[in-house]
Amino acid sequence: MNVAIVILSAGILILVSAICSGLNVGLMSLEIGDLRRKAKLGDKHAIRALPIRNHVHFYLSGILLTNTAVAASTSIVLTNEFNGIIAGISSTLLLVVFGEITPQAIAVKNAVRAVSFFAPAIIFITYATYPITRVLEVLLDKLIGKSKQTLHTRHELGLLIDDHLKDSRSELDEDEVEIVRNALKLSEKRVSEIMTHIKDVYHLDTGTLVDSGKINELIKENYSRIPIIDHDKRVCKGYLMLRDLVHVDFDEHTYSVEQLRVHITHTVGSKTALDTLFRKFIEYKKHLLVVEKDERIVGIVTLEDLVEEIIGHEVEDESDVDRITDAKITE
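Going by this note's numbering, the letters in the sequence shown line up with residues 1 to 331, in that order.
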């Protein structure tokens, strides 16, 4: 056989081997969950690669059968023209360097694109060897099981988010990373960690009479919601909203708190996880909940407290600013 034809034939076989080797590593490196997410977002390469990854044992069998046949053919072609030892060494070196190492290194970095581009070829060679590939697929599914999506723990997800912040290619900014990271920690934190302790809560006793002087005091405190709690700190009747009192005439009349519009509130345990607290705010449609421990009221928690925990810093509204300003003036 002409040397040029032998070299050309060997080159073509090594190229096919390189493609198969690269696809082998590339296909196995694709994480099926990540591929599904990209496909849902419309990534055309992921859409083409996903059906192949879903039946990885079937298509992998076709790739490996082809690669094995090509490697054997390369050795035979070279042996027919060259000395057996020379042919063996040459075919081994060529296949290892150009048919294994190089294509695998390239494919790992471009796995989705590689599988997508060669998808028609993968399908062709797999169905060309169908009886064998089908048997191998069934055996591999029985022995190894089908591929499952990789799930991450809460802490692993936090580290993944941190990696995004460190990478210049990430679309996430620092605030977004902080919010996601804090949200992932909600189930690990308890209401007692973010509540306002009862000794620091401005509240009214159930027997309090409200007149113009008391209204002026409430306006000065500038809280939008004022809890009504009994003397023993065991029962909360609800809370007054300052906006409801604006149009009430307190100059001529004095009212007990129970004669005013009292908004019903709900209780939550001090050991309740913050993700559960979030759901309770949604369920109760309230911005303030009373915190209990051992059947006693130990504090209050607001939706604002929870939001501050998620975003990672305090949210100051007009009333907060006014109180800080008044405190500085007093000093």
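Quick reminder that beta carbons are idealized off the backbone N, C-alpha and C, glycines included. Since the model is a prediction, treat every value here as computed from it, not as a measurement.
A Cβ-Cβ contact shorter than 8 Å links Val257 with Ile228. In the DSSP assignment, the residues bridged to Arg296 are Lys293. The alpha-carbon separation between Asn54 and Leu27 amounts to approximately 10 Å.
Linking Gly269 to Leu140 through their CA atoms gives a straight-line distance of about 51 Å. The Cβ-Cβ distance between Leu159 and Leu184 does not fall below 8 Å. Scanning Tyr255, Ile282, Ser192 and Ile297 for the CA closest to the CA of Lys233 turns up Ile297. Per DSSP, Arg154 has no beta bridge partner at all. Comparing C-alpha distances from His203 to each of Ile194, Ser192 and Asp230 shows the shortest one belongs to Asp230.
Thr133: member of the alpha helix (DSSP H) spanning Tyr130 to Leu143, first to last residue. Shown here, Lys280 sits in a helix according to DSSP, grouped into three states. At least 8 Å separates the beta-carbon of Gln104 from that of Val180. Counting along the chain, the unbroken beta strand (DSSP E) around Ile226 starts and ends at Arg225 to Ile229. For the options Leu186, Ile123 and Leu95, the alpha carbon positioned closest to that of Leu50 is the one of Ile123. In the DSSP assignment, Met241 falls within the unbroken beta strand (DSSP E) covering Cys236 to Met241. One alpha carbon belongs to Ile132, the other to Asn67, and they sit about 14 Å apart. In the pairwise beta carbon analysis, the region 243-258 is classified as touching the region 207-225: at least three pairs are separated by under 8 Å. The Cβ atoms of Val6 and Leu78 sit closer than 8 Å to each other. CA-to-CA, the gap between Arg48 and Arg134 works out to about 21 Å. Residue pairing by DSSP puts Asp205 in a beta bridge opposite Ile229. When C-beta atoms of the region 271-281 are compared with those of the region 187-201, three or more pairs fall below 8 Å, so the two segments count as touching. Counted as a single uninterrupted DSSP element, the beta strand (DSSP E) harbouring Val268 occupies residues Thr267 to Gly269. For the 8 Å CB-CB criterion, Asn182 and Gly11 do not form a contact. In the DSSP assignment, Asn182 falls within the unbroken alpha helix (DSSP H) covering Glu174 to Leu184. Look at Thr196 here: in three-state DSSP terms it is strand.
Look at Thr302 here: in three-state DSSP terms it is strand.
Put simply, the backbone Cα of Thr265 is about 27 Å away from that of His253.
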